[in-house]
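Data block below; observations after.
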Ligand SMILES: C[S@@+](CC[C@H](N)C(=O)[O-])C[C@H]1O[C@@H](n2cnc3c(N)ncnc32)[C@H](O)[C@@H]1O
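Protein chains in written order, with our numbering: chain D, 139 to 418; chain F, 36 to 156.
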């Protein structure tokens, strides 16, 4: 791939998804775009970029952007965040929202669905405490292809073994050939929508809890800051934000601070919260 | 250091599992069938058992039933690790007192995450 082509595609990916791809990672372009080239009956990745540059085909651009996303995810990823959700976040919200009895949760880069389904299973396990409550889980991702997989809720034997306790597999999955499908009662707790984090989430409404995990790592500082600023605007003053294990708000956003003693969980700072109260 | 008894009639599987679990700082003992595993437990009760299902002499489920019937011993955590990968087998194992269940093939990530879940790591 020549430098020109690399620059072109790097720029395109940055604009479309925020992904920052450096020269050292150029090999990733080759390996991930090869299947796209084949799908479009093109001989090579070079040919694919040629067509992209001349025809500016929207569907091809979407295919290229989606092919470059990293979709790795696990049920109960890192486990601790979900313990914190059950033991700290949920009890707080049950008390604070006791009058309205409504909680809205957003999985903001949900990939193949393990994160929202993990939350749904936790909530199902807590059903006794949640009787009469309206709990919504909205799960979004840039990639429509991965959202389709999430909606199907069909996982390989490997995928259901990393992080998912066997008792929950028994309760909430059924076997289909070599694969395992999430039960209807869990699937219907999650509503999936395509959404690009580079745009305003205002239309999705407000969320008491936001999981934005393992996606900021692909962005540069400026993009991270903008994404966090927009998330801050759709959270109530006492909302919670989750980031991935390798992500932080430090040096990126003044709107959030870590919840004392709870690594990985963030809340709005005084400034962030005041801003939201003003905005209503 | 915690101890783990690996029960599997395949020498290769025992070797692979031993490598992984030694990497996770377990002290390893091995048995090639359920009967030998019972004897091993009588000599020294491990903290954990990684247990195959299909084995000659005594299978994994029979071993588990005998183990759970033992009185006045410190009951180990038992993680099944078998090619039996259907819901029916999983249910029978859990009802007999297994703590977790791994469907073969496994890798180090799966073993580690299951051992974390049952509190062994
Ligand atoms: C590594 S997965 C994270 C999945 C899950 N949150 C977790 O922690 O396991 C990253 C996901 O972010 C999505 N993504 C990348 N850029 C995005 C963007 N600009 N807007 C929305 N989603 C994006 C990808 O499609 C991918 O599914």
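Virtual Cβ for every residue (Gly too), placed ideally from N, Cα, C. These figures come from a predicted structure and were not determined experimentally.
beta-carbon residue i near ligand 1 non-hydrogen atom, thresh 6 Å
| i | result |
| --- | --- |
| residue 208 of chain D | yes |
| residue 89 of chain F | no |
| residue 353 of chain D | yes |
| residue 335 of chain D | yes |
| residue 215 of chain D | yes |
| residue 249 of chain D | yes |
| residue 211 of chain D | yes |
| residue 188 of chain D | no |
| residue 284 of chain D | yes |
| residue 280 of chain D | yes |
| residue 385 of chain D | no |
| residue 253 of chain D | yes |
| residue 294 of chain D | no |
| residue 58 of chain F | no |
| residue 155 of chain D | yes |
Burial state of residue i, where buried means 16 or more other Cβ atoms lie within 10 Å
| i | result |
| --- | --- |
| residue 362 of chain D | buried |
| residue 398 of chain D | exposed |
| residue 418 of chain D | Its pLDDT being 43, under 50, residue 418 of chain D is placed unreliably by the model, and the measurement read from it follows with that caveat. So residue 418 of chain D counts as exposed. |
| residue 332 of chain D | exposed |
| residue 299 of chain D | buried |
| residue 296 of chain D | exposed |
| residue 249 of chain D | buried |
| residue 36 of chain F | exposed |
Inter-residue spacing [alpha-carbon to alpha-carbon] between residue i and residue j
| i | j | result |
| --- | --- | --- |
| residue 396 of chain D | residue 302 of chain D | 27 Å |
| residue 49 of chain F | residue 135 of chain F | 18 Å |
| residue 142 of chain D | residue 335 of chain D | 27 Å |
| residue 181 of chain D | residue 156 of chain D | 28 Å |
| residue 294 of chain D | residue 186 of chain D | 31 Å |
| residue 377 of chain D | residue 368 of chain D | 14 Å |
| residue 365 of chain D | residue 349 of chain D | 13 Å |
| residue 47 of chain F | residue 99 of chain F | 22 Å |
| residue 291 of chain D | residue 265 of chain D | 21 Å |
| residue 148 of chain D | residue 353 of chain D | 17 Å |
| residue 201 of chain D | residue 174 of chain D | 7 Å |
| residue 251 of chain D | residue 140 of chain F | 23 Å |
| residue 351 of chain D | residue 94 of chain F | 43 Å |
| residue 330 of chain D | residue 74 of chain F | 54 Å |
| residue 210 of chain D | residue 312 of chain D | 22 Å |
| residue 269 of chain D | residue 89 of chain F | 44 Å |
Terminal residues of the alpha helix (DSSP H) in which residue i lies
| i | result |
| --- | --- |
| residue 234 of chain D | 228-234 |
| residue 135 of chain F | Unbroken run through residue 135 of chain F is the beta strand (DSSP E), 135-138; no alpha helix (DSSP H). |
| residue 248 of chain D | Neither: residue 248 of chain D is in no alpha helix (DSSP H) and is coded neither H nor E. |
| residue 189 of chain D | 183-193 |
Endpoints, the beta strand (DSSP E) within which residue i is located
| i | result |
| --- | --- |
| residue 119 of chain F | Here residue 119 of chain F belongs to no beta strand (DSSP E), and DSSP marks it neither H nor E. |
| residue 72 of chain F | Looking at the DSSP string, residue 72 of chain F is not in any beta strand (DSSP E); the run it does join, the alpha helix (DSSP H), is 69-78. |
| residue 320 of chain D | 317-320 |
| residue 347 of chain D | 347-350 |
Interface residues of the region 303-331 of chain D facing chain F [CB-CB below 8 Å] = With the criterion set as a beta carbon lying under 8 Å from some beta carbon of chain F, the members of the region 303-331 of chain D are 303, 304, 305, 307, 308, 312 and 313, in sequence order.
Going along the region 228-253 of chain D in order, which residues come within less than 9 Å of chain F, judged by CB to CB distance?
-> Hits within the stretch: zero.
For the region 289-301 of chain D, which residues have a CB atom closer than 9 Å to at least one CB atom of chain F, in sequence order?
-> Within the region 289-301 of chain D, the qualifying residues are 295, 296, 298, 299, 300 and 301.
Quick one, which residues of the region 117-138 of chain F are near chain D if we go by CB-CB under 9 Å, in chain order?
-> Cβ proximity to chain D below 9 Å picks out 120, 121, 122, 125, 126, 128, 129, 133, 134, 135, 136, 137 and 138 from the region 117-138 of chain F.
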